[in-house]
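Contents: one structure, followed by commentary.
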Amino acid sequence: MELRNVHVTRYITPLREGGSLPALAEANDGFNYVVKFKGAGHGTKALISELIGGEIARLLGLNIPEIVFIYLDEAFGRTEADEEIQDLLKASRGLNLGLHFLSGALTFDPVVTLVDPYLASKIVWLDAFLTNIDRTVKNTNMLIWHKELWLIDMGASLYFHHSWINWDKLSATPFAEIKNHVLLPFASHLNEIDNKFKEILTWEKIGEIVNLIPDNWLDWKSPCETVQDIKEIYIKFLGNRLNNSQLFIKEANNARKTII
Numbered sequence: 000m001e002l003r004n005v006h007v008t009r010y011i012t013p014l015r016e017g018g019s020l021p022a023l024a025e026a027n028d029g030f031n032y033v034v035k036f037k038g039a040g041h042g043t044k045a046l047i048s049e050l051i052g053g054e055i056a057r058l059l060g061l062n063i064p065e066i067v068f069i070y071l072d073e074a075f076g077r078t079e080a081d082e083e084i085q086d087l088l089k090a091s092r093g094l095n096l097g098l099h100f101l102s103g104a105l106t107f108d109p110v111v112t113l114v115d116p117y118l119a120s121k122i123v124w125l126d127a128f129l130t131n132i133d134r135t136v137k138n139t140n141m142l143i144w145h146k147e148l149w150l151i152d153m154g155a156s157l158y159f160h161h162s163w164i165n166w167d168k169l170s171a172t173p174f175a176e177i178k179n180h181v182l183l184p185f186a187s188h189l190n191e192i193d194n195k196f197k198e199i200l201t202w203e204k205i206g207e208i209v210n211l212i213p214d215n216w217l218d219w220k221s222p223c224e225t226v227q228d229i230k231e232i233y234i235k236f237l238g239n240r241l242n243n244s245q246l247f248i249k250e251a252n253n254a255r256k257t258i259i
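Once you know that position 255 of the sequence shown is 254 in numbering that gives the first Met the number 0, the rest is easy, because the numbers rise by one and skip nothing.
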């Protein structure tokens with residue numbers, strides 16, 4: 000398993016609706032990408048969340064724009080008039096993360112578009128597993144493209160890594176925030192999806208996805224942990240959540256009962 004590598008050739012425009020100030024950029028393969036910058040607020044941890052969450056979603060058969068490693072040359076930012084953007088580009092030289100731009104896509108509106116209960120259950124399971132706090136009515140982070148539902152923006156997943164303490168305890172939590180999920184009312188097949196996804200998402204597959212993380216994204220100046228130690232913690236966190244999936248499935252089913 001590997002991702003393609005591309006280089007930014009043209010910075011097109013910032014996407015200011017994103018809190019971390021992502022941007023639309025053209026790459027040397029001729030395609031446009033939404034670029035998530037390592038120099039933004041949460042640094043490489045947000046990129047790691049995007050990478051792990053996106054590739055797990057893809058493995059489970061959900062629609063995710065292609066994820067690429069996208070290289071930003073040091074020349075970018077020198078002529079940018081906006082000081083905030085200039086600082087961001089300077090801080091993001093080197094390897095960043097890009098998602099293929101879905102041209103013409105529309106923001107998902109739960110009032111306009113009904114989602115099949117089976118698909119809704121898949122997405123709710125995924126976000127409970129990843130502890131993604133950011134797929135709510137206010138911020139659905141989903142698009143309609145070619146009449147299909149696509150998931151974007153996994154950057155708020157795996158929030159345990161922002162504190163990096165008690166990760167083993169946090170891996171076996173119910174995830175109460177699932178009550179705010181925009182698709183929870185429609186997710187009536189969670190138990191069935193749990194059984195199916197646990198056949199697909201093995202510890203081995205988790206390891207393959209985690210090992211996609213570039214080593215220099217894990218340079219956290221930790222006195223106790225090597226890059227491989229950090230990757231092992233991600234693998235164990237996700238594996239433990241998989242083994243304890245009944246906790247977040249029960250939480251989601253109980254929360255659903257209160258809103259339908």
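Where a beta carbon is used, it is the ideal one built from N, C-alpha and C, also for glycine.
None of these values were measured; they are calculated from a predicted model.
Item                                                                                                          : Value
For Ile299, the residue or residues it bridges with in DSSP                                                   : Residue 299 lies beyond the range of the chain shown here (0 to 259); nothing can be said about it.
Per DSSP, the bridge partner or partners of Pro260                                                            : The question about residue 260 has no answer here: the residues shown for the chain are numbered 0 through 259.
Exposure label - Ile55; buried when at least 16 CB within 10 Å                                                : buried
Distance, Pro21 Cα to Asp193 Cα                                                                               : 33 Å
Buried or exposed by the 16-neighbour rule on C-beta atoms within 10 Å, applied to Leu275                     : Since the first and last residues shown for the chain are 0 and 259, residue 275 lies out of range.
Buried/exposed call for Arg3, threshold 16 Cβ in 10 Å                                                         : exposed
Residue burial classification, Ile208 (beta-carbon count within 10 angstroms, cutoff 16)                      : buried
Continuous alpha helix (DSSP H) assignments of at least 4 residues falling wholly in the stretch 152-209      : 166-169, 189-199, 202-209
Simplified DSSP assignment, three categories, for Thr257                                                      : coil
Backbone CA spacing between Phe100 and Asn31 [nearest angstrom]                                               : 6 Å
Every unbroken alpha helix (DSSP H) within the stretch 108-143, with a cutoff of 4 residues, ordered by chain : 116-128
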